[in-house]
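Protein chains in written order, with my numbering: chain W, 592 to 696; chain Y, 6 to 222. Yeah, the Cβ is synthetic: ideal placement off N, Cα and C, and Gly gets one too. Fair warning: this is a prediction, and the values are worked out from it, not measured in the lab. Contents: one structure, followed by commentary.
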């Protein structure tokens, strides 16, 4: 690893964001905190796509197109997840995921 | 170190530190603020990589739209027990250990494998500076993958003889998907008739089970 910025640096940053998102999803009890973890993971994937689009001429368009799809689908996912969370809050007056246990066997 | 390197390290430090702060902080409002800086740093990295359109889209859709949705969700549910939801120290230790191990594995595999093209930042391609190529690839006017041969088509056919491999169908699917999400979100989060909330009468006998907040379940 040199100090000059290469593809590895971007991939390391993407890995950091991915791990942050995964730990956030696993350790938060607030449902909206879990949603933030999902956003971090999706951003990590987007960084990887755009970095490959720049460093690898084969993916020069594919990387950016997939990044755009990821951004659009993340917006849709956030809208639906927030609708579900607000619905749960209306019914149970709580956003603690530990209280969502009605379907537990 | 060139200017690009300095800019990368500044942006990467901002993004990484803010992402760590999203995980570490227990206050959900502060986590939303840290997430804002993380997303803005990611869009700055896109600009640094020469992906102007993706960076602008990230700013518009993510920072301007998705994050506002998340902040609305935080505000609508911001009651005192849910702002600070702490987990126990043991759970926190397990999460930290798992995260460190996962990052160690990912980073070690990256550094060991040393992926192709890990040299200096290549010069930006002029044709990617504007979004014309992206639009053409989405609409099928441009052969999307001429060098990659990822499309399953034989590589020895001349580009003019090929079918145009484009992203028109995924584009349409995403459009319909957004429409479905619009309807679904409006249906899920619509204002329902409120459940009966009556002032709790004093219990006549101890057998009647009342919800502590007066909601009839």
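In the DSSP output, which residue or residues are listed as bridge partners for residue i?
i: residue 687 of chain W; result: W:621
i: residue 32 of chain Y; result: Y:89
I'd like to know whether the C-beta atoms of residue i and residue j end up nearer to each other than 8 Å.
i: residue 599 of chain W; j: residue 115 of chain Y; result: yes
i: residue 663 of chain W; j: residue 179 of chain Y; result: yes
i: residue 193 of chain Y; j: residue 674 of chain W; result: yes
i: residue 74 of chain Y; j: residue 613 of chain W; result: no
i: residue 68 of chain Y; j: residue 41 of chain Y; result: yes
i: residue 604 of chain W; j: residue 17 of chain Y; result: yes
Report the residue from the options whose alpha carbon sits nearest the alpha carbon of residue i.
i: residue 64 of chain Y; options: Y:8, Y:18, Y:45; result: Y:45
i: residue 620 of chain W; options: Y:142, Y:87, Y:176, Y:111; result: Y:87
i: residue 101 of chain Y; options: W:601, W:596, W:607; result: W:607
i: residue 188 of chain Y; options: W:597, W:671, W:603; result: W:671
i: residue 61 of chain Y; options: W:659, W:650, W:651; result: W:659
i: residue 624 of chain W; options: Y:142, Y:48, Y:72; result: Y:72
i: residue 140 of chain Y; options: W:657, W:679, W:611; result: W:657
Helix, strand or coil, according to DSSP, for residue i in the structure here?
i: residue 647 of chain W; result: coil
i: residue 84 of chain Y; result: coil
i: residue 694 of chain W; result: coil
i: residue 183 of chain Y; result: helix
i: residue 119 of chain Y; result: coil
i: residue 6 of chain Y; result: coil
i: residue 595 of chain W; result: coil
i: residue 240 of chain Y; result: Only positions 6 to 222 of chain Y appear in this structure, which leaves residue 240 of chain Y out of reach.
i: residue 12 of chain Y; result: helix
i: residue 738 of chain W; result: Residue 738 of chain W is absent from the model: chain W starts at 592 and stops at 696.
i: residue 607 of chain W; result: helix
Within 10 angstroms of the Cβ of residue i, are there 16 or more other Cβ atoms? Answer buried if so, exposed if not.
i: residue 34 of chain Y; result: exposed
i: residue 627 of chain W; result: buried
i: residue 602 of chain W; result: buried
i: residue 82 of chain Y; result: buried
i: residue 56 of chain Y; result: buried
i: residue 654 of chain W; result: buried
i: residue 47 of chain Y; result: buried
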